[in-house]
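Shown next, in structure tokens, is the structure this report addresses.
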Ligand SMILES: Nc1ncnc2c1ncn2[C@@H]1O[C@H](COP(=O)(O)OP(=O)(O)O)[C@@H](O)[C@H]1O
Ligand SMILES: [Mg+2]
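In the working numbering, the protein residues as written are 789 to 1169.
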């Protein structure tokens, strides 16, 4: 697949009363042509600023941005393309719809601003095509404020698409909708972008949106991109503690690497619970301080004999609490004074104070570094 959007070493800082804010710090990524790419991270991590630099609404301090063959920003070459000359459509969280205009005029607006001139017939044709895409045809004469939340959202999408942009930029477009509508619009958005085959850059703080919509997810923390990959890889093989904690939840066992291991290899980690065998995404050296991350759904609980073998870790402990969540039992098990979380099938008979064994596969035990990223995650949360 060809790369459509290239972002290289992007930096953006703001001077504020409280001093300098490093909103975007050395962010680099590629979006493949036609892909749905998501920037995921907590509020304030720099998602919108990154998107606004791409749209041309902010001027980055440093970095390069190209879209297909066009250089939009190159700080080394002193190039910067103004927003109306960038072939992109954008939807904001607030939709930014013109309240004094009807549906038709809202969608037609970008056609009047763009570099190209359109006849009335062409304008009508394009607007009606855009409205049909988002199922708003028939409502073109309706004043924009008389639309429901979901319809305003669709209107904003139609307006973003009317110039037939090469990329669609979406900044938390579903956040203002109630839960039911959000799910509906999520499915529609997925269908629309894949039908059009349009390169899409989506911003959200919602892990479920990111996992369900995206071909690629980039996790951001404090202005930096900490990991990017397909949703399954991000979830199953988090590369640091921040990614493991922000997406889903995880148990962490800190310790020291017993043997050097290559990328994708298996190593031991000496922890307060003994040596745990685990899989590492990156090469690690003997003696390195790391944490082992294990997701609660990968921790099996046994009231009888646990499994044995060198592909599994086994701990023993006492059940401290069991919370019924309908589809799962959220169990906390005390192991050597630490609490380990396990998601257990609701059909299991587990009770407080039971003596149990816990097992988790070596393949589901992931080495994550401790250090800078941990400090940042703890500050944030
Ligand atoms: N115009 C601005 N002036 C000063 N600080 C800003 C401005 N825009 C964003 N910031 C700061 O930059 C950081 C990143 O903001 P933003 O990109 O909006 O984060 P996100 O979209 O991930 O919530 C935050 O600390 C925010 O307060
Ligand atoms: Mg934002």
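Every residue, glycine too, gets a C-beta built ideally from N, C-alpha and C.
Model, not experiment: these values are computed from the prediction.
Give the range of the beta strand (DSSP E) segment to which residue i is assigned.
i            : result
residue 1105 : 1100–1112
residue 818  : 807–820
residue 1045 : 1039–1045
residue 1129 : 1126–1132
residue 1023 : Per DSSP, residue 1023 belongs to no beta strand (DSSP E); it is in the alpha helix (DSSP H), 1019–1024.
residue 930  : Counting along the chain, residue 930 falls outside any beta strand (DSSP E), and DSSP gives it neither H nor E.
residue 1117 : 1117–1123
residue 918  : Looking at the DSSP string, residue 918 is not in any beta strand (DSSP E); the run it does join, the alpha helix (DSSP H), is 908–921.
residue 1067 : 1062–1068
residue 1058 : 1054–1059
residue 825  : 824–828
When burial is assigned at 16 or more other CB atoms within 10 Å of the CB, is residue i buried or exposed?
i            : result
residue 1133 : exposed
residue 1034 : buried
residue 975  : exposed
residue 998  : buried
residue 1050 : exposed
residue 1111 : exposed
residue 918  : buried
residue 867  : exposed
residue 825  : buried
residue 1012 : buried
residue 903  : exposed
residue 1075 : exposed
residue 1081 : buried
residue 1115 : exposed
residue 870  : exposed
residue 860  : buried
residue 789  : exposed
To the nearest angstrom, how far is the alpha carbon of residue i from that of residue j?
i            : j            : result
residue 1143 : residue 1091 : 7 Å
residue 1158 : residue 1015 : 15 Å
residue 1161 : residue 1097 : Low local confidence applies: a pLDDT of 42 at residue 1161 is under 50, so the model's placement there is unreliable, with the coordinate-based value given in what follows. Going by the C-alpha atoms only, they are around 33 Å apart.
residue 1175 : residue 830  : The chain is shown only over 789 to 1169; residue 1175 falls outside these bounds and no answer can be derived.
residue 1119 : residue 1069 : 28 Å
residue 1153 : residue 1138 : 24 Å
residue 1005 : residue 1026 : 12 Å
residue 1187 : residue 1063 : Residue 1187 is absent from the model: the chain starts at 789 and stops at 1169.
residue 1061 : residue 970  : 43 Å
residue 960  : residue 1008 : 15 Å
residue 1140 : residue 1151 : 29 Å
residue 734  : residue 798  : In this structure the chain extends from 789 to 1169, so residue 734 is not present and cannot be described.
residue 925  : residue 898  : 18 Å
residue 817  : residue 1136 : 45 Å
residue 1121 : residue 1095 : 18 Å
residue 962  : residue 1093 : 47 Å
residue 882  : residue 940  : 10 Å
residue 992  : residue 836  : 9 Å
residue 800  : residue 1146 : 46 Å
residue 1038 : residue 814  : 28 Å
residue 906  : residue 895  : 14 Å
residue 910  : residue 887  : 24 Å
residue 927  : residue 891  : 7 Å
residue 828  : residue 1128 : 27 Å
residue 1048 : residue 874  : 48 Å
residue 822  : residue 792  : 8 Å
residue 1019 : residue 1108 : 33 Å
residue 842  : residue 1103 : 49 Å
residue 872  : residue 844  : 8 Å
residue 1072 : residue 1045 : 8 Å
residue 1087 : residue 951  : 50 Å
Can a CB atom of chain D be found closer than 8 Å to the CB of residue i?
i            : result
residue 1044 : As a matter of chain content, chain D is missing from the structure shown, which is built from one protein chain.
For residue i, report the span of its alpha helix (DSSP H) as first-last.
i           : result
residue 898 : 891–901
residue 842 : 835–843
residue 789 : Per DSSP, residue 789 belongs to no alpha helix (DSSP H) and is neither H nor E.
residue 978 : 967–984
residue 858 : No alpha helix (DSSP H) holds residue 858; the beta strand (DSSP E) holding it covers 858–862.
residue 947 : 937–949
Query raised in the report: Any chance the stretch 877–889 sits against the stretch 954–971, with 3 or more Cβ pairs inside 8 Å?
Result: The stretch 877–889 makes contact with the stretch 954–971, as at least three CB pairs between them are under 8 Å.
Query - Sequence-ordered residues whose beta carbon comes within less than 6 Å of a heavy atom of ligand 1 - result: One residue after another in chain order, those with a Cβ under 6 Å from a heavy atom of ligand 1 are 802, 804, 809, 811, 829, 831, 832, 833, 834, 835, 836, 837.
Query raised in the report: Looking at C-beta atoms only, is the number of pairs between the stretch 848–860 and the stretch 922–940 that lie closer than 8 Å three or more?
Result: As far as the Cβ criterion goes, the stretch 848–860 does not touch the stretch 922–940, which means the pair count is below three.
Query raised in the report: Taking one C-beta from the stretch 801–811 and one from the stretch 970–985 each time, how about it: are there three or more such pairs within less than 8 Å?
Result: At 8 Å Cβ cutoff, the stretches do not touch.
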